[in-house]
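Chains as they are written, first to last, in the UniProt record's numbering: chain A, 1 to 205; chain Y, 1 to 205; chain E, 1 to 205; chain U, 1 to 205. C-beta: ideal position from N, C-alpha, C; glycine also. To start, the structure itself, in C-alpha cells.
4 protein chains.
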Amino acid sequence: MKLQPRKEPRQARSRAMVDTILDAMSRVLVERGYAKTNTNLVAEAAGISVGSLYQYFPNKDALIFALRERHVTRMLSLFEGVVDQMTDAGSLTSDFEALIDALVAAHLLEPELNRILEEEFPAFNMPVSNQIRERFFDSIRGVLKRHRAAISAPDIDVATFVVQRMLKALINAVVLTGPGGLSPGSIRPEIVPAVIGYLTAQRLN
Amino acid sequence: MKLQPRKEPRQARSRAMVDTILDAMSRVLVERGYAKTNTNLVAEAAGISVGSLYQYFPNKDALIFALRERHVTRMLSLFEGVVDQMTDAGSLTSDFEALIDALVAAHLLEPELNRILEEEFPAFNMPVSNQIRERFFDSIRGVLKRHRAAISAPDIDVATFVVQRMLKALINAVVLTGPGGLSPGSIRPEIVPAVIGYLTAQRLN
Amino acid sequence: MKLQPRKEPRQARSRAMVDTILDAMSRVLVERGYAKTNTNLVAEAAGISVGSLYQYFPNKDALIFALRERHVTRMLSLFEGVVDQMTDAGSLTSDFEALIDALVAAHLLEPELNRILEEEFPAFNMPVSNQIRERFFDSIRGVLKRHRAAISAPDIDVATFVVQRMLKALINAVVLTGPGGLSPGSIRPEIVPAVIGYLTAQRLN
Amino acid sequence: MKLQPRKEPRQARSRAMVDTILDAMSRVLVERGYAKTNTNLVAEAAGISVGSLYQYFPNKDALIFALRERHVTRMLSLFEGVVDQMTDAGSLTSDFEALIDALVAAHLLEPELNRILEEEFPAFNMPVSNQIRERFFDSIRGVLKRHRAAISAPDIDVATFVVQRMLKALINAVVLTGPGGLSPGSIRPEIVPAVIGYLTAQRLN
DNA sequence: AATGAATGAGCCTTCATTCAT
DNA sequence: AATGAATGAAGGCTCATTCAT
C-alpha cells in the first residue's frame, strides 16, 4: 500500500528549489556585485550543481528575471497589505503617509539586493512583469480615486503614473545611500508634501 | 613661407579622435545594446583598429565613462544656456516651464543613447562626475533661491535635491518610450504642477 | 553487488588530467619553444578545451611552474634512488661516480624539455620549490658527510653548495647539446676529477 | 663653402645612437624586468621614437642580442686586460686568483643587468656570439697552457671548457644574490680550490 | 632620418551552457 | 533528476612592427 507520498509533493519541492536558488543568487549578488556574479557561483552558493540550476532556469536571464520578480512581488505584498487596511476614514495625507511608510519599509526588506537591482543592472531590458507593475499602479489609483474630490489633477490615470514615478524616485533617494549628497533622513519628510503638493496643485487651465 | 601648420594641431587631432570613438561607441551601443557591445566592434565602427582605440582610452570602462560624461555635459550645456537666459522677470512657474522645456530638449538630443545610459547600465558604479552633477544642482538651486519667497519648503538644498529627483524621474517618463504605459505626451504637462505643487505645498509644521 | 566503483576514483582522474596537460605542455614546448607556446595550443595538444585546462591550472604561470616541479621531482626521484642505495662501502670517488651517472641519466629522461626549462625560461622568477632544492642539497651533503674525513674543505655546507653548482654546470654541459663546442662525451669523464679534485684540494690556510 | 662637416661623422652618430638605445634597454630591463619591457618603452627611455629605434635594430631580438653582446664584450675586456698583464712569473694559483678577481669584478660592473641576462632570459636561443665565447675560451686556455706541466688533465681544450663552466657557475653563485642559501661571501674563497683541485687532481688512468 | 600614431594578429582568460554518467 | 567536468565562443588588451608625414 504505497500510501506514503514523497515527503514533499513534486511541485513543492520544485518551488523550494527555486527559492533556494534565488536566495543564493541574491546572496552572491549582494556579496560580490553583478559583474562578479556567475551561474556556477550561484549554483555553488545554493549547494547544488550547475546542471541542477539549469533544470530550474533555462538561462541566466531567466534567473535574474525571476529574482527581480520575486523581490518586487514581496515588496508589492507589503505595500498591498497597507493599502488594503486603509479605511474610508483616512485623509489623502494620512493615506499617503501610510503608503510611503510601507514603501520605505518594503525597500528596506533587502536593501542591498534592492540597490543592486535598481542601480547595477543591465536589466530594464526585461522590465518587471506588467502584472506586478499594474498592481502597484492599481493600488495607488485606488487611493487616488477614493480622494478624487481632493485632487486637482484632471486625469486620474495620469496622476497615478506621475505619483508612482515620484514615489519611486524619492524613495530610492531615501533608501539608496549614495557616496555624497544630502542625508536620506532629510529627504524622507519631503515626500508627502511632494505628492500632496502635486495632487492638490492649483491648475490654471 | 611655410607658415601654415598641419591642418590640425596635435591636440585637436586627438580630440577629434576621441570624439570619433565616442560617436562609434554611441552608435554601437544604440544599435546592439550594452551586452553586445565590445571594444573590437567599437573600433571597427570608428574605422580604426583596436590598438588605436586603446591609445585614447585605457580600458573599456574609461570608454563608457567618457561617453556618459560627454553626453551629460552636452545636456548640461543646453540646460545651463536656458538657465543663464532667465531674467528676474520670470515667475516660478514660467521659470520651471522654461527649465523643463530645456531638459526635455536635452534628453531628446540623443534619445536612444540616453535610454541606454539611463536604463541598461551597470554604471552607477561610476557615477557621473560630481562636478557635472553639482552644476545641475546649482542651476536648480539658483532658480529656487531667486523665488525663495514663493517656496514653502524650509530647506533650499533639500528642496533642490527633491526637485532634481522629481525632474529626472518625470522627464525620463516623458522621454523614455516604454513598451506599455501612458503616452509620454500626457505626462509632460504634469511636470510643472508636480514641481510647483511640491514647492508651494502647504506645510503644517 | 554494485561494489565496483567508477573505474577511477575522482582524485585519480584529476591527477591523470593534470599529467595529460603537463605532457601536452611539455610536447608543445619542445616542438615550438617557449615563445610560441600558448595555452590554447597546449589544450589542443592535450586533446581538451582551453576551459578544461583552466579547470586544472589557474593560469599559464601555474602551468609552467607545475611542469618544472614535475620534471625536477622526477629527476630527484632517480637521484635519490641512487643515493639511497649507497652503502658505507663506497669510496668518495665511487660514490660520486654513481651519483653523476644518476644525474646524467636524470637529465636524459626528457632532454629536450630539460634544455628548454634550463635555457629558455624567464623562470628563475619562480624558482623550483625550496623543498626540492633542499632535498638535492641534502642528498649531496649526506654523501659528503659520510666521507668527511677525506674532504679538505673546511665547511660541509659550503662544500655541498659548491659541488652542487659544479655538478649542475658540468652535467648541463654534457647533456645540453650546444651548436658548437666540444663533444659532450669528452666532458663527461672530467666531472669526477673536478668534484673530487675540489673536495680533496690541498688548502694552505 | 660647405666645409663644415656634420658635427659627427655618420658612423659615429650611429654608434652613439646604438649605445643610447642599449643603455635605455638596459635601464628599462633592470627597472621593470624582462616581462614588462617592450620596444616602445625602450624608445621612450632612450628619448627617441620607436621608428628611430627600428632604424638601428631590425627587431626586438636584435636589440636583446646586441645588449648581450655589448655586456659580455665589456666583461671580456676587463677579463682580457687581466690576462694580458700576467707574466710568466705567476703560479697557477696566483694566476687564477687574479683571473677570478677579474671575473667577479666584471660581473659586478652591471650586476642587475647581468642577473637579468643570466636568469630571466628566454635567450640562450641566441647564444653569445661564438667570437666572444672563443676569446674567453682562448684566454683561459692560454693560462692553462702556460702551466701545462702543473696540470694533470690530459686534454687542455677539455680542461679549458670544464674550467670555464666551473668558473661561470661559481662566480654566478657569488654574484647573483638568491633569496635563500649561503652567503656569497663564503663561496668566493672556494673557487680557487675548486679550479686548482680539478686541474691538479690525481687521475688513475 | 625621425616621428609616433596606427595597426592587427594573437594571447590569456571567463563563463553560460551542455551532456555523459 | 542530479552531477560537475567539459566545452569553446567571445572578449579585453598588448605590443612588435609599419608607414604616412
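Taking 4 residues as the shortest admissible run, the stretch 88-137 of chain U contains the following complete alpha helix (DSSP H) segments, listed from N- to C-terminal end: 92-107 and 111-119.
Excluding residues up to 5 positions away in sequence, N172 and L176 lie with their Cβ nearer than 8 Å to the Cβ of E118 (chain E) in the same chain. DSSP places R70 (chain U) in the uninterrupted alpha helix (DSSP H) bounded by K60 to D84. Of all residues in the stretch 53-87 of chain A, none places a beta-carbon less than 8 Å from a beta-carbon of chain Y. Residues A46, G47 and I48 of the same chain have their beta carbon placed closer than 8 Å to that of T20 (chain A), with the five preceding and five following residues left out of the count. Nearest neighbour of I100 (chain Y) by Cα position, chosen from Y:R135, Y:A159, Y:R115 and Y:A169, turns out to be Y:A169. A distance of 9 Å or more separates the beta carbons of G81 (chain A) and I196 (chain Y). Spatial neighbours of V163 (chain A) in its own chain (CB-CB distance under 8 Å, excluding positions within 5 residues in sequence) are listed in chain order as I140, L144, V195, Y198 and L199. In the structure shown, R203 (chain A) adopts coil according to DSSP, grouped into three states. Of all alpha-carbon atoms in A:E190, A:L22 and A:D138, the one lying nearest the alpha-carbon of E44 (chain A) is that of A:L22.
Burial of R115 (chain Y) is indicated by the presence of at least 16 other C-beta atoms within 10 angstroms of its C-beta. Residue burial is scored here from C-beta neighbours: T87 (chain E) has fewer than 16 other C-beta atoms within 10 angstroms and is therefore classed as exposed. In terms of CA proximity to V18 (chain Y), Y:E69 leads the group Y:D95, Y:E69, Y:T37 and Y:V30. Using beta-carbon distances, K145 (chain A) does not count as an interface residue toward chain Y, since no partner is under 9 Å. Identification of chain A residues near V18 (chain Y) by a Cβ-Cβ cut-off of 8 Å yields none; the smallest Cβ-Cβ distance measures about 25 Å. When the alpha-carbon of L29 (chain Y) is set against those of Y:I187, Y:L63, Y:V72 and Y:D138, the nearest one is in Y:L63. Cβ contact annotation for V83 (chain A) (same chain, cutoff 6 Å, sequence separation greater than five): S139, in chain order. For T37 (chain Y), no alpha helix (DSSP H) run applies, since DSSP gives it neither H nor E. Listed in chain order, the non-local C-beta contacts of R27 (chain E) below 6 Å within the same chain comprise A45, local neighbours out to five positions each way being set aside.
Counting only the Cα atoms, D61 (chain Y) lies some 10 Å from L67 (chain Y).
The residue from Y:G90, Y:I151, Y:L76 and Y:L103 with its alpha-carbon nearest to that of E134 (chain Y) is Y:L76.
From the beta-carbon of T200 (chain U), the residues of chain E found nearer than 8 Å are G197 and A201. In chain order, D157, V158 and F161 make up the part of chain E whose C-beta sits under 7 Å from the C-beta of L182 (chain U). The Cβ of P193 (chain U) sits closer than 9 Å to at least one Cβ of chain E. Using a Cβ-Cβ cut-off of 8 Å, E190 (chain E) is close to A153, V158, A159, V162 and Y198 of chain U, given in chain order.
Interface criterion not met: the Cβ of I140 (chain U) is under 9 Å from no Cβ in chain E. One finds A169, L170 and A173 in chain A with Cβ atoms closer than 7 Å to the Cβ of R165 (chain Y), taken in chain order. Burial check for D155 (chain A): the Cβ neighbour count within 10 Å stays below 16, so the residue is exposed. Contact annotation: V192 (chain A) and F96 (chain A) have beta-carbon atoms nearer than 9 Å. Taking a beta-carbon distance threshold of 9 Å, S186 (chain A) counts as an interface residue toward chain Y. L167 (chain A) and G90 (chain A) have their C-alpha atoms some 19 Å from each other.
Between the C-alpha atoms of A12 (chain Y) and G33 (chain E) there is a straight-line separation of about 46 Å.
Looking at the backbone, the Cα of L204 (chain A) and that of T93 (chain Y) are separated by about 11 Å.
Going by DSSP, L182 (chain U) is part of no alpha helix (DSSP H) at all; its letter is neither H nor E.
C-alpha of P184 (chain U) to C-alpha of L108 (chain U): approximately 13 Å in a straight line.
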